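Residue numbers (the UniProt record's numbering), protein chains in the order written: chain A, 1 to 367; chain B, 1 to 367.
Number of protein chains: 2
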Amino acid sequence: MAAAARLLPVAAKRLTTTARARRLSTSTSTSPPATAVLYDQHGPPDKVLRVAELPAAEIGERDVCVRMLAAPINPSDLNRVEGVYPVRPPLPAAVAGYEGVGQVHALGGAVDSRLLSPGDWVIPSPPSLGTWQTYIVNPATAWHRVRSDVPPQYVATVTVNPLTALRMLCDFVNLAPGDTLVQNGATSIVGQCVIQLAKLHGLHTINIIRDRPGSQEAKDKLKQLGADHVFTESQLDIKNIKSLLGALPEPALGLNCVGGNAASVILKFLRQGGTMVTYGGMSKKPVTVSTSSFIFKDLSLRGFWLQKWMSSDKAEESRTMIDYLLDLVHEGKLKYEMELTPFSDFHLALDKALGKHGSQPKQVLKF
Amino acid sequence: MAAAARLLPVAAKRLTTTARARRLSTSTSTSPPATAVLYDQHGPPDKVLRVAELPAAEIGERDVCVRMLAAPINPSDLNRVEGVYPVRPPLPAAVAGYEGVGQVHALGGAVDSRLLSPGDWVIPSPPSLGTWQTYIVNPATAWHRVRSDVPPQYVATVTVNPLTALRMLCDFVNLAPGDTLVQNGATSIVGQCVIQLAKLHGLHTINIIRDRPGSQEAKDKLKQLGADHVFTESQLDIKNIKSLLGALPEPALGLNCVGGNAASVILKFLRQGGTMVTYGGMSKKPVTVSTSSFIFKDLSLRGFWLQKWMSSDKAEESRTMIDYLLDLVHEGKLKYEMELTPFSDFHLALDKALGKHGSQPKQVLKF
Numbered sequence: 001m002a003a004a005a006r007l008l009p010v011a012a013k014r015l016t017t018t019a020r021a022r023r024l025s026t027s028t029s030t031s032p033p034a035t036a037v038l039y040d041q042h043g044p045p046d047k048v049l050r051v052a053e054l055p056a057a058e059i060g061e062r063d064v065c066v067r068m069l070a071a072p073i074n075p076s077d078l079n080r081v082e083g084v085y086p087v088r089p090p091l092p093a094a095v096a097g098y099e100g101v102g103q104v105h106a107l108g109g110a111v112d113s114r115l116l117s118p119g120d121w122v123i124p125s126p127p128s129l130g131t132w133q134t135y136i137v138n139p140a141t142a143w144h145r146v147r148s149d150v151p152p153q154y155v156a157t158v159t160v161n162p163l164t165a166l167r168m169l170c171d172f173v174n175l176a177p178g179d180t181l182v183q184n185g186a187t188s189i190v191g192q193c194v195i196q197l198a199k200l201h202g203l204h205t206i207n208i209i210r211d212r213p214g215s216q217e218a219k220d221k222l223k224q225l226g227a228d229h230v231f232t233e234s235q236l237d238i239k240n241i242k243s244l245l246g247a248l249p250e251p252a253l254g255l256n257c258v259g260g261n262a263a264s265v266i267l268k269f270l271r272q273g274g275t276m277v278t279y280g281g282m283s284k285k286p287v288t289v290s291t292s293s294f295i296f297k298d299l300s301l302r303g304f305w306l307q308k309w310m311s312s313d314k315a316e317e318s319r320t321m322i323d324y325l326l327d328l329v330h331e332g333k334l335k336y337e338m339e340l341t342p343f344s345d346f347h348l349a350l351d352k353a354l355g356k357h358g359s360q361p362k363q364v365l366k367f
Numbered sequence: 001m002a003a004a005a006r007l008l009p010v011a012a013k014r015l016t017t018t019a020r021a022r023r024l025s026t027s028t029s030t031s032p033p034a035t036a037v038l039y040d041q042h043g044p045p046d047k048v049l050r051v052a053e054l055p056a057a058e059i060g061e062r063d064v065c066v067r068m069l070a071a072p073i074n075p076s077d078l079n080r081v082e083g084v085y086p087v088r089p090p091l092p093a094a095v096a097g098y099e100g101v102g103q104v105h106a107l108g109g110a111v112d113s114r115l116l117s118p119g120d121w122v123i124p125s126p127p128s129l130g131t132w133q134t135y136i137v138n139p140a141t142a143w144h145r146v147r148s149d150v151p152p153q154y155v156a157t158v159t160v161n162p163l164t165a166l167r168m169l170c171d172f173v174n175l176a177p178g179d180t181l182v183q184n185g186a187t188s189i190v191g192q193c194v195i196q197l198a199k200l201h202g203l204h205t206i207n208i209i210r211d212r213p214g215s216q217e218a219k220d221k222l223k224q225l226g227a228d229h230v231f232t233e234s235q236l237d238i239k240n241i242k243s244l245l246g247a248l249p250e251p252a253l254g255l256n257c258v259g260g261n262a263a264s265v266i267l268k269f270l271r272q273g274g275t276m277v278t279y280g281g282m283s284k285k286p287v288t289v290s291t292s293s294f295i296f297k298d299l300s301l302r303g304f305w306l307q308k309w310m311s312s313d314k315a316e317e318s319r320t321m322i323d324y325l326l327d328l329v330h331e332g333k334l335k336y337e338m339e340l341t342p343f344s345d346f347h348l349a350l351d352k353a354l355g356k357h358g359s360q361p362k363q364v365l366k367f
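The following block contains the structure:
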């Protein structure tokens, strides 16, 4: 797999009691012991994840020890634990989690204190496996300092969802103010970010959501964020779908995180020569495309995976974009619903993320 | 539809007897009367196509009158008659056919005789509707002079199939000698051209054909043309499809003219980041793609339609490529099976093209 994630060697760096005693004499400092969410084998997250104490870790000359403040439970975190994600950490004793925010706790002796100081807020950038723990030691270059005057849950979640939304608006179709895009799964955090970022750039959005109780409330909420049109899938079960566009131009870009019929209606909305980008498959159904969509309508179908994008030479560019997104959060122009749950209630947060308590906001662990 | 075909106003140009009498006095010359295959409404080709005599047509100052020598019956010709093609000629009295070769019969007074002379072989370029008739009058600029030392059936068919094969090798993926491509429908004329053109450019081909009686003979024939591997679909019903590649690199390009399972096996063969181009749908089944093919395998799915490509600013480029392809035919490097059928047996040729006589070679009408 070309897009290997950076693996934080967190567990490996933790010292056994014996090794610790031996190495402490030469090491300048160590982290505090950490509490972490670990797994030793792949399987159902509520079965295989366990909370455990880890011993102190050595802080090398160029390392920074960070006390974590918050980290979300994203669906892809659960997929990694299940073992259905193409990039897997070494087992046993893998620490779960992929993004989050922390505060600098201690610096190695060779870290330039003009770049990072104790108390600074930092995120792992690119994100890296192992954020569900209270202390992390990693090289200074792996951390990106961010503004600390926004709610920590936004900083903790800025990379996986908002950055995906922003990249997909930039990377596939050259959109100009006045253009239209269409997306399904519009109530997701990526979907909500797409609506708000599109609005900021003068783009119109056609949004598709599931038929379910409360869909009118969901529609109203998305319209308040700036959505031009919001349709449930059943509303799109008509012959002339484009009549629903009204005065809007036909969409040049479609974003699909659902698959199945919800992807087919995106293809129907797209203009001649349009592009659909798949970045998720919530329905677990494949995308089905007619021959004429390719030949006569000249549609292009692509995919987006943030982890691959970030593993290429985009480190600086992604940090600049993250700063931009956090500025928008600070200005009140980018918002989405989350629930901060204390880390001590990890299993409750996990159950909520797994859908055991019905529809719940995105769960963010507060350490 | 952006990609409107050039419509030869052939039938419209034909003079009614009265108009002819009136206009002949001022016109410099007229074509001979023509025999043509016409249709007045869309429907099954063997029901709606009729052979009819057309009156003489005026040859304008800048026109060239061409006596047609040969024209093929392509599947897309039949789709146009059926009305399932997005570009349709005006009815009634539309002349069928889209490509072919003819011989210059007479020139309008303002046509530069250094560019075209009586006896020259010419093709409509870009191809245009209405080639199934014995005489065609069209502006000189609509004709492209070609070499006349190759069998006329190759000149008659060089545009729709061989040019499609060549464009698809050029337009989507930057292939270098040693690279591999995979295609289904490999026994089609496009498929046979892909094999031969790929071989000439140092590219390897993986070829997929239907399971049917005589498939071993078909395999041998494609290997003689230069195919590296030929598999029937049932041979590909295995878990580790890529083990069949042997020492060949994973394909960067896939060409699909079938759809359904035959498209799915192409997607399995493709390398990370590969592209599949759909240019036909012989199985009448759609293309089905998993979410992970887009996200984790980063596949791109595109379409190719020669008629759209030629309607853009590619006139000169396509004529150069046609000359190149006819040079290859002359050198014996590009060949495929066809059957020349006299125009007087049009309905027999049509029935063969419609599959009423089992598997038959491509039918080319000989005028």
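Even for Gly, the Cβ is constructed at its ideal location relative to N, Cα and C. All of these numbers come straight from a predicted model, not from anything done at the bench.
- Sequence-distant Cβ neighbours of V155 of chain B in its own chain, meaning closer than 7 Å and more than five residues away, are V101, W121, I123, V146, L326.
- Counted as a single uninterrupted DSSP element, the stretch harbouring V364 of chain A is not any alpha helix (DSSP H) but the beta strand (DSSP E) occupying residues 362 to 366.
- Not one beta carbon of chain B lies nearer than 8 Å to the beta carbon of K242 of chain A.
- The C-beta distance from T164 of chain A to V190 of chain A rounds to 5 Å, short enough to meet the 8 Å contact threshold.
- Residues of the same chain with a CB within less than 7 Å of the CB of A349 of chain A, apart from the 5 flanking positions on each side, are I73, T341, Q363, L365 in chain order.
- Looking at the DSSP output, N256 of chain B sits in a beta bridge with B:T278.
- Here the alpha carbon of P118 of chain B sits roughly 48 Å from the alpha carbon of P251 of chain B.
- Beta-bridge pairing by DSSP links D63 of chain B to B:P139.
- Of the candidates B:Y279, B:K284, B:H144, the residue whose Cα lies closest to the Cα of K297 of chain A is B:Y279.
- With contacts defined by Cβ atoms closer than 8 Å, F304 of chain B and R80 of chain B do not form a contacting pair.
- Taking the CA atoms as reference points, K268 of chain A sits about 31 Å from E337 of chain A.
- Under a criterion of Cβ atoms nearer than 7 Å, the residues of chain A adjacent to G259 of chain B are, in order, T291.
- Counting C-beta atoms within 10 angstroms of its own C-beta, V182 of chain B has 16 or more neighbours from the protein chains shown and is therefore classed as buried.
- Shortest Cα-Cα distance from Q272 of chain B to any of B:S264, B:G281, B:S293, B:V289 involves B:S293.
- The alpha carbon of S311 of chain B has as its nearest neighbour, out of B:Q41, B:L54, B:P126, the alpha carbon of B:P126.
- Per DSSP, reduced to three states, the secondary structure at E317 of chain A is helical.
- Residues of chain B whose Cβ lies closer than 7 Å to the Cβ of F296 of chain A are, in chain order, P86, W305.
- K284 of chain B and V84 of chain B have their C-alpha atoms some 13 Å from each other.
- For the beta strand (DSSP E) assignment, the uninterrupted runs of no fewer than 3 residues enclosed by the stretch 85 to 139 of chain B are, from N- to C-terminal side, 101 to 107, 121 to 124, 135 to 139.
- Of all C-beta pairs linking the stretch 308 to 322 of chain B to the stretch 42 to 50 of chain B, fewer than three are shorter than 8 Å, placing the two stretches out of contact.
- With a cut-off of 8 Å on Cβ pairs, the stretch 88 to 103 of chain B is in contact with the stretch 130 to 142 of chain B, counting three or more such pairs.
- Setting aside the 5 residues that flank it on each side, D345 of chain B has no residue in the same chain whose C-beta is closer than 6 Å to its C-beta.
- Counting the other Cβ atoms within 10 Å of the Cβ of P177 of chain B gives fewer than 16, which makes it exposed.
- Taking the Cα positions, P139 of chain A is about 46 Å away from L169 of chain B.
- Around the beta carbon of R302 of chain A, 16 or more other beta carbons sit within 10 angstroms, so the residue counts as buried.
- E217 of chain B counts as exposed, since fewer than 16 other C-beta atoms from the protein chains shown sit within 10 angstroms of its C-beta.
- A direct Cα-to-Cα measurement between D323 of chain A and L197 of chain A gives close to 14 Å.
- With fewer than 16 other Cβ atoms inside 10 Å of its own Cβ, K239 of chain A counts as exposed.
- The C-alpha of A57 of chain A lies about 17 Å from the C-alpha of A142 of chain A.
- Under the three-state reduction of DSSP output, P152 of chain A falls in the helix class.
- Under the Cβ criterion of 8 Å, G281 of chain B is counted among the residues facing chain A.
- The alpha helix (DSSP H) runs lying completely inside the stretch 157 to 227 of chain B and spanning 4 residues or more are 164 to 171, 189 to 200, 215 to 225, given in chain order.
- Interface annotation, K308 of chain A: in contact with chain B, CB-CB separation under 8 Å.
- Within chain B, the residues L301, R302, G303 have their CB atoms less than 9 Å from the CB of L299 of chain A, given in chain order.
- When beta bridges are read from the DSSP output, E250 of chain B appears opposite no residue.
- M321 of chain A and P162 of chain A have their C-alpha atoms some 10 Å from each other.
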